[in-house]
Each structure stands twice: as structure tokens, then as C-alpha cells.
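Here the first sequence stands for residues 259 to 494, where the numbers follow our numbering. Here a beta-carbon is modelled for each residue, glycine too, at the ideal position from N, C-alpha and C. Presented below is the structure to which this report refers.
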Amino acid sequence: MGRQPCCDKLGVKKGPWTAEEDNKLFTFILSYGPCCWRAVPKLAGLRRCGKSCRLRWTNYLRPDLKRGLLDEAEEQLVIDLHARLGNRWSKIAAGLPGRTDNEIKNHWNTHIKKKLIKMGIDPVTHQPLQKPQTESSSQGSSTDSSSAAISPLSEPNFPAKDQPLTSQIWMEALQDDSWSNFSTWGSESYTDFGPHSSEDSLNQLLDYYKDLGDKDCELGSSGNFNKQLAGMGEKD
DNA sequence: AAACCGCACAACCGCGGGTGG
DNA sequence: CCCACCCGCGGTTGTGCGGTT
Numbered sequence: 259m260g261r262q263p264c265c266d267k268l269g270v271k272k273g274p275w276t277a278e279e280d281n282k283l284f285t286f287i288l289s290y291g292p293c294c295w296r297a298v299p300k301l302a303g304l305r306r307c308g309k310s311c312r313l314r315w316t317n318y319l320r321p322d323l324k325r326g327l328l329d330e331a332e333e334q335l336v337i338d339l340h341a342r343l344g345n346r347w348s349k350i351a352a353g354l355p356g357r358t359d360n361e362i363k364n365h366w367n368t369h370i371k372k373k374l375i376k377m378g379i380d381p382v383t384h385q386p387l388q389k390p391q392t393e394s395s396s397q398g399s400s401t402d403s404s405s406a407a408i409s410p411l412s413e414p415n416f417p418a419k420d421q422p423l424t425s426q427i428w429m430e431a432l433q434d435d436s437w438s439n440f441s442t443w444g445s446e447s448y449t450d451f452g453p454h455s456s457e458d459s460l461n462q463l464l465d466y467y468k469d470l471g472d473k474d475c476e477l478g479s480s481g482n483f484n485k486q487l488a489g490m491g492e493k494d
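Written out as C-alpha cells, the structure is:
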């Protein structure tokens, strides 16, 4: 009954990765590609479970990762996407090249969530909180610097319909997904979105994509990179 | 200077979906 | 068609660091 643990817990190291482990994993993936994670630790000589290796690679070692805090445009995009997708972090991450689902999830929980609440917006429903602070009405659509970065959801200007790029991103991100089950999709809950789902962020995103496209030629986005690596290692 | 607190990030855990035998 | 396995996702927890009191 039940499912076997992803790895036998005996002899499997946990906790923070050392530089040596990182090096082993990185070298291995570079040589053989990120395939068959279950086998990776054995082959790479790591006392880790495959899951841990995969996580370490995707969240930290991948060469196409951006580091550092999300900028305003990215934050805005996360909010927009979250309004549409809910907690589908991997799908949201798909719209932000170089960012991982874990990173976005962390940023959301520690940062954006609080910002939205402060602005009187429910981070779950993206609707105004039940008990608005007296200043919330002004906050909601305010132009004060702190809230300007986040779209107050009081303006009927959600970008999806107007912004081909985000629409495309969503289509890509959501392709073949069950996102359509997301009950609030298209409901009026999400018709009122802020004016800051800005062209700025979209332009920046476009730049990301362009940039990534360029990099594909060298290292590749994760997808291409993976393919390259898989190609390198697979037929050994 | 020390203690405390909050934040940011990294990592783990359990579950569900997809797939092959 | 069923079962077992593997992978990926989302939620949660742990830890280190910086700022404040």
C-alpha cells in the first residue's frame, strides 16, 4: 500500500548543498543532461535523492537563472498571472524567463502578498478586502509610489485582453493545462485589474524573451538547454 | 553589545498526473 | 485495464542574515 518513498531515506543526505555537491551535480548535468533524476545521484556520485538533485538544479544551478529580487515589472506580471492562474507557480514562472516557481512562490508569500493586503486587496481573490481601510479607496487606485508598482485592482483594465503578449504567454503557459477549471477565469472578479499591468512590464518581458532567444544560441533556455544536454549525454 | 524580530531564500515533504509494462 | 514507477508541483518548514530595540 502507499507509495514508496522517492528514495530510501537511509544514507541520503539532506540539508544545504555544499559547493562540492553543486559542482558534482552541475558537471554531471552538463555532461549527461538532466534526464532520469532518479539515476542522477548514483551516476553523479551524490548521496542525495533524485528529487533533491532536480530541485537543486532547477532552482539554483540552472545557467539561465536570473538572481536577485523581482523587479517591479516582474512583480506586476506575477500579480497579473496569479489573478488568472491562482497558485499555479510553475505556470506563472513560465511567463517569467529566468525565474523559478519556487522563487516566485517565495516572493509572493513574503512580499507581494503583504503588499496587496496593505493595499486592501485580497491576495487570493484579487478583490478588495472586505474591510477596507478608510484610505483604501484612495489606496486602491492611488498613485502613491508604493502602490504604483502593484496594480490596484480597481481599474477595469486587465491586460490580458488588450495585451497580445501576455495573452500569448498565458496561452503558452496554459496550453494543455486544466487552467480552464480555474473557476474565476473570465469572471468579473478578474475583469477589474489595475492600470499598471503596464506596457513597461510587457516590453520588458518581450526583452526577456528576445534576450533568452539570443541566449538559446549559446546556452539555451532551460528547454533548449535541456535538449542540448540530453542530446550530448543521451547517446553516449 | 546583545537580544530579538522579521525577511528572504533554500530545501523538504506529500500528493497527483502521466506513462510504460 | 490495472498497477507501479517516476516526475513535477504546490505547500510548508528550516535557516541564515540584517535591522531594530
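What's the C-alpha gap between residue i and residue j?
{"i": "Glu361", "j": "Glu278", "result": "23 angstroms"}
{"i": "Pro414", "j": "Thr368", "result": "The predicted model places Pro414 with a pLDDT of 34, which falls under 50 and marks its position as unreliable, so this point remains unresolved."}
{"i": "Trp295", "j": "Thr285", "result": "14 angstroms"}
{"i": "Trp347", "j": "Arg357", "result": "10 angstroms"}
{"i": "Arg314", "j": "Asn281", "result": "11 angstroms"}
{"i": "Ala302", "j": "Ala341", "result": "41 angstroms"}
{"i": "Leu387", "j": "Glu330", "result": "23 angstroms"}
{"i": "Asn317", "j": "Lys363", "result": "12 angstroms"}
{"i": "Ser289", "j": "Lys324", "result": "22 angstroms"}
{"i": "Ile379", "j": "Leu339", "result": "15 angstroms"}
{"i": "Lys371", "j": "Met377", "result": "10 angstroms"}
{"i": "Ala352", "j": "Asp359", "result": "8 angstroms"}
{"i": "Glu273", "j": "Asn345", "result": "The sequence shown places Gly at residue 273, not Glu. C-alpha separation (whole angstroms): 26 angstroms."}
{"i": "Gly269", "j": "Gly291", "result": "25 angstroms"}
{"i": "Glu332", "j": "Ile287", "result": "29 angstroms"}
{"i": "Lys373", "j": "Gly326", "result": "19 angstroms"}
{"i": "Ile375", "j": "Cys293", "result": "41 angstroms"}
Nearest by alpha-carbon distance to residue i: which of the options is it?
{"i": "Ser310", "options": "Lys376, Trp275, Leu288 and Gln334", "result": "Trp275"}
{"i": "Lys271", "options": "Gly291, Leu283, Arg305 and Ile287", "result": "Arg305"}
{"i": "Gln334", "options": "Pro381, Asn281, Asp280 and Asn317", "result": "Pro381"}
{"i": "Arg312", "options": "Gly326, Ala297 and Glu332", "result": "Ala297"}
Per DSSP, which one or two residues make a beta bridge with residue i?
{"i": "Pro355", "result": "According to DSSP, Pro355 bridges with nothing at all."}
{"i": "Pro386", "result": "Ile379"}
Would you please state the rounded distance, in angstroms, between the beta carbons of residue i and residue j? I believe it to be under 8 angstroms.
{"i": "Leu283", "j": "Leu319", "result": "6 angstroms"}
Less than 7 angstroms separating the beta-carbons of residue i and residue j?
{"i": "Pro299", "j": "Gly308", "result": "yes"}
{"i": "His384", "j": "Leu328", "result": "no"}
{"i": "Ile337", "j": "Leu343", "result": "no"}
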